[in-house]
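Q: Once you've had a glance at the structure underneath, I'll fire off some questions.
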Amino acid sequence: MKRYFLTGAAGFIGARAAEQLLEAGHAVYGVDNLNDYYDVRVKEHRLEGLKQYPNFQFSRIDIEDRVSLEAVFKQETFDAVFNIAARAGVRYSMENPYVYMSTNAAGTLNLLECMRECGVGKIILASTSSLYAGQPMPFEESLPVNTPISPYAASKKAAEVMAYTYHYLYGIDVSVVRYFTVYGPAGRPDMSVFRFIAWIDQGIPLTVFGDGSQSRDFTYIDDIASGTILAEKSLGYEVINLGGGNNPFSLKALIETIEHCLGKKAVIDEKPFHKADMQVTWANIDKAKQLLGWEPTIGFQTGVERSVQWYIDNRDWLRSIKL
0 MKRYFLTGAA
10 GFIGARAAEQ
20 LLEAGHAVYG
30 VDNLNDYYDV
40 RVKEHRLEGL
50 KQYPNFQFSR
60 IDIEDRVSLE
70 AVFKQETFDA
80 VFNIAARAGV
90 RYSMENPYVY
100 MSTNAAGTLN
110 LLECMRECGV
120 GKIILASTSS
130 LYAGQPMPFE
140 ESLPVNTPIS
150 PYAASKKAAE
160 VMAYTYHYLY
170 GIDVSVVRYF
180 TVYGPAGRPD
190 MSVFRFIAWI
200 DQGIPLTVFG
210 DGSQSRDFTY
220 IDDIASGTIL
230 AEKSLGYEVI
240 NLGGGNNPFS
250 LKALIETIEH
260 CLGKKAVIDE
270 KPFHKADMQV
280 TWANIDKAKQ
290 LLGWEPTIGF
300 QTGVERSVQW
310 YIDNRDWLRS
320 IKL
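The sequence shown: position 72 = 71 (numbering that gives the first Met the number 0), numbered continuously.
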């Protein structure tokens, strides 16, 4: 049994990664600030599931709070850190760029300092496919990602390079995992899969930026969590894509699949394409296969079906969630 420090424990990816670690018999010390970027009830729903495990411990801590982090690291012993906490969302990062830098960049620095001071030698850092804007596809990890087009992407780039600095100076082993459009049950209400399911179910017009042809390399939550955990192995410093790895699916295809699952038609309200959005994302996952022995196992159709079923099973309270 290993003992892990995991940030963003109430978040979409963090909660599923924690659950998989706990199911494997490990101990998880989870932290989350439970901010109200989206409805906290969704985060509390995820936490309720984790608290059923005897090896799970939770503290409401913000990774921007260095003093509180230091107190935990001085009292506890950890084999590795999973830093999955983040301010997410491209568009909101344009409205409040400061909180993205303070959480994603400075928060990561706080963790790295705690690790250095307390002798924790491994960090798995969650990052984003948004860094690849303007690069040729399918995106490879060796591509230069020096021109981020949103404060969100810029803050993630800052976290990546700071982690490299701590690897170089202090020998901390770093796995950066770049996620590609994660979806699944208990997903984020600000993301298209959750919103489209709810809007189609309730007969509310779907807000679509552009004509729906923009495509994403959708990756199911269980696959993302398992890839994140596999990245705990000693690698030195590596950046690894975790994505679907197949031809991307368009928003039109997503909407049609949800319509089929619900047996309802969508009403679409088209808006102009957003400047900070990427037209297409598509991951090259050869490196994940080679280094981690990882590739996704849940196809798009199955993943959407499971997402819709989770919504139906929780429809009574999800109808009041603000989207």
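Even glycine gets a Cβ: it sits at the ideal position worked out from N, Cα and C.
#1: Pick out whichever of R15, K1, F11, V160 has its Cα sitting closest to the Cα of S348.
#2: Terminal residues of the continuous alpha helix (DSSP H) containing S191?
#3: Since S67 is in the beta strand (DSSP E), which residue starts that stretch and which ends it?
#4: Who does N240 pair with in a DSSP beta bridge?
#5: Determine the extent of the alpha helix (DSSP H) in which Y165 is found, giving its start and end residues.
#6: In three-state terms, what does DSSP make of S141?
#7: Tell me whether G29 counts as near the ligand SAH, meaning its Cβ is closer than 6 angstroms to at least one heavy atom of that ligand.
#8: Determine the extent of the alpha helix (DSSP H) in which R305 is found, giving its start and end residues.
#9: Using DSSP with H/G/I as helix, E/B as strand and the rest coil, what is Y28?
#10: Exposed or buried, I122, counting other C-beta atoms within 10 Å across all chains shown (16 or more means buried)?
#11: Do you know whose CA, among M93, L5, E94, lies nearest R59's CA?
#12: Which complete beta strand (DSSP E) runs does the segment 207-293 hold, if anything under 3 residues is left out?
#13: Going by beta carbon distance, what residues of the same chain come within less than 8 angstroms of P271, once the five residues before and after it are set aside?
#14: Give the C-beta separation of F179 and A282 to the nearest angstrom, bearing in mind that I take them to be a contact with Cβ-Cβ under 8 angstroms.
#15: In angstroms, rounded to a whole number, what distance separates the CA positions of E43 and A9?
#16: Under DSSP, the beta strand (DSSP E) around Y3 begins and ends at which residues?
#17: Rounding to the nearest angstrom, what Cα-Cα distance links Y28 and V119 in this structure?
A: This is what the structure holds:
#1: The chain is shown from 0 up to 322; residue 348 falls before or after that span and cannot be answered.
#2: As a working note, residue 191 is residue 192 in the sequence shown. S191 -> alpha helix (DSSP H) spans 191-201.
#3: Counted from its first residue, the sequence shown places residue 67 at position 68. Element bounds for S67: not the beta strand (DSSP E) but the alpha helix (DSSP H), 65-74.
#4: Mapped onto the sequence shown, residue 240 falls at position 241. Its beta-bridge partners are R177.
#5: If you number the sequence shown from 1, residue 165 lands on position 166. First-last of the alpha helix (DSSP H) with Y165: 150-169.
#6: Walking along the sequence shown from the start, residue 141 turns up at place 142. Residue state for S141 is assigned as coil, using DSSP reduced to three classes.
#7: Annotation note on the ligand SAH: not contained in the displayed structure, which lists no ligands.
#8: Taking the sequence shown and counting its residues from 1, the one referred to as residue 305 is at position 306. Note, R305: alpha helix (DSSP H), 299-312.
#9: Position 29 of the sequence shown holds residue 28. Residue state, collapsed to three classes: strand.
#10: Within the sequence shown, residue 122 is the residue found at index 123, counting from 1. Classified as buried, I122 has 16 or more neighbouring CB atoms from the shown chains inside 10 Å of its CB.
#11: Numbered from 1 along the sequence shown, position 60 holds the residue referred to as residue 59. The residue with the shortest Cα to Cα distance from R59 is L5.
#12: List check, beta strand (DSSP E) in window: 236-241, 267-270.
#13: Your numbering for residue 271 matches position 272 in the sequence shown. If we look at P271 and ignore the five residues flanking it on each side, its Cβ neighbours are F208, G209.
#14: Taking the sequence shown and counting its residues from 1, one reaches residue 179 at position 180. Taking the sequence shown and counting its residues from 1, one reaches residue 282 at position 283. So it is a contact: roughly 5 angstroms between Cβ atoms.
#15: Against the sequence shown, residue 43 aligns to sequence position 44. Against the sequence shown, residue 9 aligns to sequence position 10. Spanning the alpha carbons of E43 and A9 requires a straight line of approximately 7 angstroms.
#16: For the purposes of this step, residue 3 is taken as the residue at position 4 of the sequence shown. Per DSSP, the unbroken beta strand (DSSP E) holding Y3 starts and ends at 2-6.
#17: As a first step, residue 28 must be located in the sequence shown, where it is residue number 29. As a first step, residue 119 must be located in the sequence shown, where it is residue number 120. So the alpha carbons of these two residues sit roughly 14 angstroms apart.
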